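Down below is the structure, laid out as structure tokens.
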Amino acid sequence: VASGRIDRCTVRVNDEVEIVSIKEDIQKAVVTGVEMFRKQLDEGLAGDNVGVLLRGVQR
Numbered sequence: 001v002a003s004g005r006i007d008r009c010t011v012r013v014n015d016e017v018e019i020v021s022i023k024e025d026i027q028k029a030v031v032t033g034v035e036m037f038r039k040q041l042d043e044g045l046a047g048d049n050v051g052v053l054l055r056g057v058q059r
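The numbering of the sequence shown is UniProt numbering, which starts it at 1 and goes up by one.
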């Protein structure tokens, strides 16, 4: 699970997203779940602080 703020657009399950990090290059992953305050969401909006379950990213 990755946590942070959605920078722009809307994030939905099965969307491909880019993960921007200071230490590494940009990585791509697929969203398998979105949570906010321990509740499952259908989508997260720009500016939301969420937890996102990702497929295709190693720790």
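For each residue, glycine too, the CB sits at the ideal point set by N, CA and C. Since this is a predicted model, take the numbers as computed values, not measurements.
When DSSP reads this structure, residue 12 sits in a beta bridge with 43. Less than 8 Å separates the beta-carbon of residue 32 from that of residue 53.
Check the Cα spacing between residue 13 and each of 59, 51 and 58: the tightest is with 51.
Close CB contacts of residue 29 within its chain, under the 7 Å cut and outside five residues either way in sequence, are with 17, 19, 54, 55, 56 and 57 (chain order). When DSSP reads this structure, residue 21 sits in no beta bridge, so it has no partner.
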